[in-house]
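**Student:**
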Amino acid sequence: MRYLKQILQHTEQVLIREVTVLADNIYEICRQYGNDIFLIADENTAKLLNKNILNKVSHLIIPATTVIPARDYDGSQCHATWMTPNRLNSAASLQTVNLVRNKAKDSDLMVAFGSGTVNDICKYASYLEKKDYISFPTAASMNGYSSANASILVDGYKKSFGAHLPKAIYIDNDIIANAPPRLTLSGFADFICRSTVQADWLLSNLLLGTEYNELPFKLVRNLEKILLREHLALAKKDKRVVLLLMEALLISGLGMVMSKGSYSASQGEHMIAHAMETVTKDYSSSLHGEKIAVTTITMANLQEEILSIQNPITKPITLDVKHITQCFGNTEFIKILKQKQIMQQKIQEIICKEWSNISSLIKQNLLSAKHLQKVFEDLSIPYLPEHLNWNKEQYCKVVNLAFVTRDRFTFLDLASCIEKS
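Sequential numbering from 42 applies to the sequence shown in my numbering.
1. Starting from Phe177, trace the alpha helix (DSSP H) in both directions and tell me its first and last residue.
2. Give the range of the beta strand (DSSP E) segment to which Ala82 is assigned.
3. Can you check the region 408–438 for any alpha helix (DSSP H) of at least 4 residues that lies completely inside it and give the ranges in chain order?
4. When burial is assigned at 16 or more other CB atoms within 10 Å of the CB, is Asp448 buried or exposed?
5. State the Cα-Cα distance for the pair Asn441 and Lys200, rounded to the nearest angstrom.
6. For my contact list, Tyr168 and Ser176 are in at a C-beta cut-off of 8 Å; report their separation, rounded to the angstrom.
7. Mind checking Ile354: buried by the 16 CB within 10 Å criterion, or exposed?
8. Given this structure, state the Cα-to-Cα distance separating Leu407 from Ala240, to the nearest angstrom.
9. From Leu360, Ile313, Tyr324 and Asn76, pick the residue whose C-alpha is nearest to that of Lys172; which is it?
10. Can you tell me the Cβ-Cβ gap for Thr237 and Ser182, rounded? I've got them flagged as a contact below 8 Å.
11. Who are the Cβ neighbours of Ser457 in its own chain at under 6 Å, not counting the five residues just before and after it?
12. Three or more C-beta pairs closer than 8 Å, one from the region 396–405 and one from the region 333–340: is that the case here?
13. Excluding the five sequence neighbours on either side, which residues of its own chain have a C-beta within less than 7 Å of the C-beta of Gly157, listed in chain order?
14. Pop quiz: Thr179 and Gly155 are said to be a contact at Cβ under 8 Å. What is the actual Cβ separation, rounded to whole angstroms?
15. Is it the case that the Cβ atoms of Met312 and Ser303 are separated by a distance below 8 Å?
16. In chain order, what residues of the same chain have a beta carbon less than 8 Å from the beta carbon of His120, not counting five sequence neighbours either side?
17. Along the chain, where does the alpha helix (DSSP H) that runs through Lys199 open and close?
18. For my contact list, Tyr165 and Ile70 are in at a C-beta cut-off of 8 Å; report their separation, rounded to the angstrom.
19. State buried or exposed for Ile383, treating a residue as buried only when at least 16 other CB atoms are found within 10 Å of its CB.
20. Count the other CB atoms, across all protein chains shown, that sit within 10 Å of the CB of Leu295; report buried if there are 16 or more and exposed otherwise.
21. Helix or strand or just coil, what does DSSP make of Met151?
22. Output needed for Leu348: all residues of its chain with C-beta closer than 7 Å, excluding positions within five of it in sequence on either side, in chain order.
23. Put Ser187 into one of helix, strand or coil per three-state DSSP.
24. Please name the residue in Leu247, Leu244 and Asn160 whose C-alpha comes closest to that of Ala204.
25. Indicate the three-state DSSP secondary structure (helix, strand or coil) for Tyr324 in the structure shown.
26. Which first and last residues belong to the alpha helix (DSSP H) in which Ser457 is found?
27. Pull the bridge partners of Val195 from the DSSP assignment, please.
28. Determine the DSSP secondary structure at Leu101, reduced to helix, strand or coil.
29. Any idea what DSSP makes of Ser307, helix, strand or coil?
30. Checking 8 Å against the spacing of the C-beta atoms, do Ile67 and Asp83 come in under that value?
31. Verify whether the separation of the beta carbon atoms of Leu260 and Ile292 is less than 8 Å.
32. Would Val152 and Phe79 qualify as a contact pair, given that the criterion is a beta-carbon distance under 8 Å?
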């Protein structure tokens, strides 16, 4: 992991190590960080462990979302309906976090052996209990391993909470390379939304003067080029390319630490995805990155459409609050709408004076929607709402309202207040 090692030379935020035969060595590794160990895995990742480890440490095995090879990778079924798993209690919920906290009360180290859900639960539970934790990723499926944020389901709503970094992350290259391709491709989609994320974050900076940091994007630029060029190898479990993706995801996670939040990895595309989860109450029938793939294409098209307008004119947001409560059932979003209305009042003058320069700067970092869609098609990654069995009419409504679900200013906000010609 050459790129990652260069970055880690300049930071002491987290220790990242590559190991071999992790299943046989995990207990000895854990004992370097604590004496009373509590391990969290899911039904799938637990199968990768040497059974002796479960006899030596306290543990909790949570239900796992079943990974189904949804479409053939030869592209022959690229427009087929996606098969989706439907398991209960497999989300990173506050209920599970509290269960882990209770079971790990007497432990001095918590261990995550798994991917997104397992890590979010362990990260947040250990943070609340003020205990150290270490992470053993089992798939290149998301960028949260090396971030200090945890995505937790609370009362039916997914929320991002500040937490802490693991004391160490241990990577078994063989485990990562042999993970189910669907998990790997989900991680690729979660990473490649960099384009829409950067456009949204830069827009907010240029219009409202909010903080912006280009470094997280610069750090993954070369890896992004390689992964786009060699993306077909991901579906074939090519070890070199899958490990490059894992490296890119770890750097992306560190980018969130540098940004003091998820700004460099989560913008409008994530807002739409989380809003759809809120509306459908469906958190486990598709993988996180699959949802992000669909919403990334939506955002890429929206950004291109708005950036093509030469002299956009904004209007006051006249959204009736009843549409928000009817759609989301959440009055908290009404407060955000009021904040957005204040933001909108601030931007018209600068749009009139600087739009040409603003749009030019943002376009420099964009990947086209057409290019992204072709890559997703090549890999049989979903890119349309119907690929996830999302109702198209409902999806369009959520896209129009998603800007009220978070206090970040994105192209979703601009779309809500630009006059249509």
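For every residue, glycine included, the Cβ atom is placed at its ideal position computed from N, Cα and C.
**Tutor:** So, from the listed chains and residues:
1. Here residue 177 is taken as the residue at index 136 of the sequence shown, counted from 1. It is not in any alpha helix (DSSP H) - Phe177 instead sits in the beta strand (DSSP E) that spans Asp173 to Pro178.
2. Against the sequence shown, residue 82 aligns to sequence position 41. Segment Ile78 to Asp83, the beta strand (DSSP E) holding Ala82.
3. 410–419
4. Residue 448 sits at position 407 when you count from the first residue of the sequence shown. Result: exposed.
5. Position 400 of the sequence shown, counting from 1, holds the residue named residue 441. Position 159 of the sequence shown, counting from 1, holds the residue named residue 200. Between Asn441 and Lys200, the C-alpha separation is close to 20 Å.
6. Along the sequence shown, one-based indexing puts residue 168 at 127. Along the sequence shown, one-based indexing puts residue 176 at 135. Wrong, their Cβ atoms sit about 13 Å apart, outside the cutoff.
7. As a working note, residue 354 is residue 313 in the sequence shown. By the 10 Å Cβ count, Ile354 comes out exposed.
8. Here residue 407 refers to the residue found at position 366 of the sequence shown. Here residue 240 refers to the residue found at position 199 of the sequence shown. Their Cα atoms are separated by approximately 7 Å.
9. Here residue 172 refers to the residue found at position 131 of the sequence shown. Ranking Leu360, Ile313, Tyr324 and Asn76 by Cα distance to Lys172 puts Asn76 first.
10. Looking up residue 237 in the sequence shown gives position 196. Looking up residue 182 in the sequence shown gives position 141. Between Ser182 and Thr237 the Cβ distance is about 19 Å, and since that is not below 8 Å, they are no contact.
11. Counting from one through the sequence shown, the residue named residue 457 turns up at place 416. The answer, listed in chain order, is Ile358 and Phe444.
12. no
13. Residue numbering aside, residue 157 sits at position 116 when the sequence shown is read from its first letter. For Gly157, where only same-chain residues beyond five positions count, the Cβ hits under 7 Å are Ser182, Met183, Gly185 and His329.
14. As a position in the sequence shown, residue 179 is number 138, starting the count at 1. As a position in the sequence shown, residue 155 is number 114, starting the count at 1. Correct: roughly 5 Å between the Cβ atoms.
15. As a position in the sequence shown, residue 312 is number 271, starting the count at 1. As a position in the sequence shown, residue 303 is number 262, starting the count at 1. No, these two residues do not count as a Cβ contact at 8 Å.
16. Position 79 of the sequence shown, counted from the first residue, corresponds to residue 120. Low per-residue confidence applies at His120: pLDDT is 33, beneath 50, and the placement is therefore not dependable enough to give any value.
17. Residue numbering aside, residue 199 sits at position 158 when the sequence shown is read from its first letter. Not the alpha helix (DSSP H): Lys199 falls in the beta strand (DSSP E), residues Tyr198 to Gly203.
18. By 1-based counting over the sequence shown, the position of residue 165 is 124. By 1-based counting over the sequence shown, the position of residue 70 is 29. At roughly 22 Å, the Cβ-Cβ gap does not stay under 8 Å, so Tyr165 and Ile70 are not in contact.
19. Translated into positions along the sequence shown, residue 383 becomes position 342. Classification for Ile383: exposed.
20. Sequence index remark: in the sequence shown, residue 295 carries index 254 (1-based). Under this definition Leu295 is a buried residue.
21. Taking the sequence shown and counting its residues from 1, one reaches residue 151 at position 110. Note: Met151 maps to strand in three-state DSSP.
22. Residue 348 sits at position 307 when you count from the first residue of the sequence shown. Ser400, Ile403 and Lys404.
23. Locating residue 187 in the sequence shown gives position 146, where the first residue counts as 1. Here Ser187 sits in coil by DSSP.
24. The sequence position of residue 204 within the sequence shown is 163, counting from 1. Per the Cα distances, Asn160.
25. In the sequence shown, counting from the first residue as 1, residue 324 sits at position 283. Coil, per DSSP.
26. Here the question's residue 457 lines up with position 416 in the sequence shown. Segment Phe452 to Cys458, the alpha helix (DSSP H) holding Ser457.
27. As a position in the sequence shown, residue 195 is number 154, starting the count at 1. Tyr198.
28. Mapped onto the sequence shown, residue 101 falls at position 60. Strand.
29. Here residue 307 corresponds to residue number 266 of the sequence shown, with the count starting at 1. Three-state DSSP puts Ser307 in coil, outside helix and strand.
30. As a position in the sequence shown, residue 67 is number 26, starting the count at 1. As a position in the sequence shown, residue 83 is number 42, starting the count at 1. Contact: no.
31. If you number the sequence shown from 1, residue 260 lands on position 219. If you number the sequence shown from 1, residue 292 lands on position 251. Yes, Cβ-Cβ distance for Leu260 and Ile292 is below 8 Å.
32. Looking up residue 152 in the sequence shown gives position 111. Looking up residue 79 in the sequence shown gives position 38. Yes; because the gap between Cβ atoms is below 8 Å, this pair is in contact.
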